[in-house]
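Numbering (the working numbering), first residue to last: 12 to 113.
Ideal Cβ placement from N, Cα and C applies to all residues, glycine included.
Let me begin by presenting the structure, written as structure tokens, before commenting on it.
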């Protein structure tokens, strides 16, 4: 199992990209009425077919998995149990309130 600190570092990097560079992913969050001040990008995967999958955590709305293809975007609420195998980074949620101190 990876050290939780590696997952924290990854989440910090992904969330920074969400806020500063990845306009298309940011738009998915905004379309879901997610407040970017309380939203974190826990995981992100891009396939060779230009499909993108990711996992947001929003303090008000919980975990939201997104799937983005060339033609569509699908966002679904999910749980830790449903997603932990695909996105083991959810372990950082145990310390998300200390995000600014990671």
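Where the alpha helix (DSSP H) through residue i begins and ends
i, result
"residue 103", "Where residue 103 is concerned, there is no enclosing alpha helix (DSSP H), given that its DSSP letter is neither H nor E."
Residue from the options with nearest C-alpha to residue i
i, options, result
"residue 43", "68, 26, 28, 23", "68"
"residue 20", "90, 39, 48, 54", "54"
"residue 66", "103, 22, 92, 75", "75"
"residue 110", "49, 34, 94, 37", "49"
"residue 47", "30, 57, 56, 62", "30"
"residue 86", "28, 93, 39", "39"
Residue i to residue j span [Cα, whole Å]
i, j, result
"residue 17", "residue 71", "25 Å"
"residue 103", "residue 33", "22 Å"
"residue 59", "residue 96", "21 Å"
"residue 61", "residue 80", "7 Å"
"residue 83", "residue 24", "26 Å"
"residue 35", "residue 41", "10 Å"
"residue 89", "residue 73", "8 Å"
"residue 57", "residue 113", "26 Å"
"residue 78", "residue 52", "13 Å"
"residue 64", "residue 105", "23 Å"
"residue 98", "residue 37", "19 Å"
Reduced DSSP category for residue i - H, G, I as helix; E, B as strand; rest coil
i, result
"residue 89", "strand"
"residue 78", "strand"
"residue 46", "coil"
"residue 63", "strand"
"residue 38", "helix"
"residue 32", "coil"
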